[in-house]
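For the sequence shown, numbering that gives the first Met the number 0 gives the first residue as 0, with consecutive numbering after it. Inspection log for the structure reproduced underneath, given as structure tokens.
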Amino acid sequence: MPFKYPDLCHRIVANTVMAVDSYYDGTPCWLWVGAFNASGYGKISLRWQRGPRKGQVRSALAHRISLEVFKNRRLTARSVAKHLCNNPVCVNPDHLVGGTQKSNVRQCVAEGRHFTPFRKAA
Ligand SMILES: [Zn+2]
0 MPFKYPDLCH
10 RIVANTVMAV
20 DSYYDGTPCW
30 LWVGAFNASG
40 YGKISLRWQR
50 GPRKGQVRSA
60 LAHRISLEVF
70 KNRRLTARSV
80 AKHLCNNPVC
90 VNPDHLVGGT
100 QKSNVRQCVA
110 EGRHFTPFRK
120 AA
């Protein structure tokens, strides 16, 4: 009998550790210690609960699921879960906010973290 978490909230918390040096707004980052995808974001395996692929395993981004299960935010395929703490491995729902990719890039540029890798010479 495989171990089962009572719900996704427990499963997320069980896969994180509290940061000691990374805070946002007075609360520590929840550092994901589970699996990661190639971009360095935490990932979590879930099963589709409904729809045509019900029962099949899907791989989801841990910070998106955190926002959904703790804050009841419904994220569509077009929306992104942004990190207010700019820590990609953080899944603290208080450090996450739903938004669009446009607003995400705007925040990135505004904070000077934007980088254009292969800019063509004029
Ligand atoms: Zn954080």
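Heads up, the beta-carbon is just placed ideally off N, CA and C, and yes, glycines get one too. Everything numeric in this text was worked out from a predicted model, so none of it was measured.
query, result
"Cα-Cα separation, PRO51 to ILE11", "26 Å"
"Alpha-carbon spacing of TYR23 relative to ASN71, whole angstroms", "21 Å"
"Nearest-angstrom Cβ-Cβ length linking LEU95 and LEU83, presumed shorter than 8 Å", "7 Å"
"Residue from ASN103, ASN86, PRO87, VAL68 whose Cα sits closest to the Cα of TYR77", "Sequence check: residue 77 is Arg here, not Tyr. Of the candidates ASN103, ASN86, PRO87, VAL68, the one whose C-alpha sits nearest the C-alpha of ARG77 is ASN103."
"Whether VAL79 touches GLY98 by CB criterion (8 Å)", "yes"
"Cβ pair LYS42, SER58 closer than 8 Å", "yes"
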